[in-house]
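Student: Last residue of the sequence shown: number 247 in numbering that gives the first Met the number 0, and the count goes up by one each step with no gaps. Heads up, the beta-carbon is just placed ideally off N, CA and C, and yes, glycines get one too. Here the structure is a predicted model, which means the values were calculated and not measured.
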Amino acid sequence: MAIQQSSTDEASRRIEIAFPQGFAAAAATPAACSPDQEAQRACPESSRIGAASATTGFGSFNGGVYFGGPAGAHRRLIVFLSNGVFLFDRTLDGALADTGSGLVETFDNLADQPMQAFNLSLEGGPRSLVLSPSACGDYTFIGRFVSQSGVSAQSSAGVKILGCAEGSPSLAGVSLLPPRLALGQGATLSFTLSEPAAVTVALLRRGKPLPGSARTVAGRAGANSVPGIGHEARRAGVYPVEVRATDS
Numbered sequence: 000m001a002i003q004q005s006s007t008d009e010a011s012r013r014i015e016i017a018f019p020q021g022f023a024a025a026a027a028t029p030a031a032c033s034p035d036q037e038a039q040r041a042c043p044e045s046s047r048i049g050a051a052s053a054t055t056g057f058g059s060f061n062g063g064v065y066f067g068g069p070a071g072a073h074r075r076l077i078v079f080l081s082n083g084v085f086l087f088d089r090t091l092d093g094a095l096a097d098t099g100s101g102l103v104e105t106f107d108n109l110a111d112q113p114m115q116a117f118n119l120s121l122e123g124g125p126r127s128l129v130l131s132p133s134a135c136g137d138y139t140f141i142g143r144f145v146s147q148s149g150v151s152a153q154s155s156a157g158v159k160i161l162g163c164a165e166g167s168p169s170l171a172g173v174s175l176l177p178p179r180l181a182l183g184q185g186a187t188l189s190f191t192l193s194e195p196a197a198v199t200v201a202l203l204r205r206g207k208p209l210p211g212s213a214r215t216v217a218g219r220a221g222a223n224s225v226p227g228i229g230h231e232a233r234r235a236g237v238y239p240v241e242v243r244a245t246d247s
């Protein structure tokens, strides 16, 4: 994420970046930086999820982005910025949330100091909080900004996803919540599809589908959810869930 503004523009109080449909929150998350570690600006390397930089009237700032753990319905992002002078050190408090219509990254209650440039880069791989779409193509991010006096502005930026395999659907971002259930209850299966496909879901017992548990739903390209997974189980135990996507 890269944001630039004129030195004459009013400082932003709130920055909100809306991800396009198809981007999904990763099911697994890295280790979280504790409140004590955050207060000391000493988050462990295992919680680092990216890097950040900013240019202000006080010079250039650089630092890391750390995972602050879950906080209600969102995941916290902690950004430490420093220009080498302790008095000017800054901490930005961010949030990544799934609104139901897509992921939104927000930085709120920003200081009243214009930033000519702000760059935030999130890592991929096992520390990634966001999964890119399985479907190739052009996607558009929407940036929404609110100034210190409450004036709103909006801009957009495009990104192209390349390197997708052709001819078959692919699944990504598969997760099951809650992971533990009482007998008779069901969980919600979430996943992202690269293209429309018939999705078959089955509860397994000793490697075979549990009788009555298999079902097929019409999946759409992008984010999908299937409720009621697991309610067929009649005995306590661990039941793997098999998910298959088949195109026409």
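1. Tyr138 bridges to which residues according to DSSP?
2. Taking the alpha carbon of Gly206 as the point to measure from, which residue in Arg13, Cys32, Tyr238, Asn61 has its own alpha carbon closest?
3. Which whole-angstrom value describes the C-beta separation of Pro226 and Thr187, a residue pair presumed to lie in contact below a C-beta threshold of 8 Å?
4. Excluding the 5 residues flanking Ser52 on each side, which residues of the same chain have their C-beta closer than 6 Å to its C-beta?
5. CA-CA distance, Thr191 and Ala222?
6. Looking only at C-alpha atoms, which of Gln147, Asp88, Asp137, Met114 sits nearest to Gln39?
7. Pull up the distance between the alpha-carbon of Ala213 and that of Gly229, whole angstroms please.
8. Would you mind giving the Cβ-Cβ distance between Leu95 and Arg126, rounded to the nearest angstrom? I have them listed as a contact below 8 Å.
9. Over the uninterrupted alpha helix (DSSP H) stretch that includes Glu249, give me the two end residues.
10. Where are the beta strand (DSSP E) runs, 3 residues long or more, that stay fully inside the region 13-94, in chain order?
11. Given that a residue counts as buried once 16 or more other Cβ atoms are within 10 Å of its Cβ, and exposed if not, what is Phe85?
12. Taking 8 Å as the threshold, find out whether the region 193-212 comes into contact with the region 141-158 through three or more Cβ pairs.
13. Please state whether DSSP places Phe124 in a helix, a strand or coil.
14. In three-state terms, what does DSSP make of Arg205?
15. Among Gly218, Arg13, Glu241, Ala235, which one has its Cα closest to the Cα of Gln294?
16. For Gln153, which beta-bridge partners are listed by DSSP?
Tutor: Once the coordinates are examined:
1. Val158
2. Tyr238
3. 5 Å
4. Asn61, Asn118
5. 4 Å
6. Per the Cα distances, Asp88.
7. 10 Å
8. Between Leu95 and Arg126 the beta-carbon gap is near 13 Å, outside 8 Å, which marks them as no contact.
9. A query on residue 249 cannot be resolved here, the shown segment of the chain reaching from 0 to 247 and no further.
10. For the region 13-94, whole beta strand (DSSP E) runs of length 3 or above, ordered along the chain, are 47-55, 58-70, 73-80.
11. exposed
12. no
13. With the sequence shown as reference, residue 124 is identified as Gly, and Phe is not the correct amino acid for it. DSSP places Gly124 in helix when its eight states are reduced to three.
14. Look at Arg205 here: in three-state DSSP terms it is coil, with no helix or strand label.
15. The requested residue 294 does not occur in the structure, where the chain is confined to residues 0 to 247.
16. Arg143
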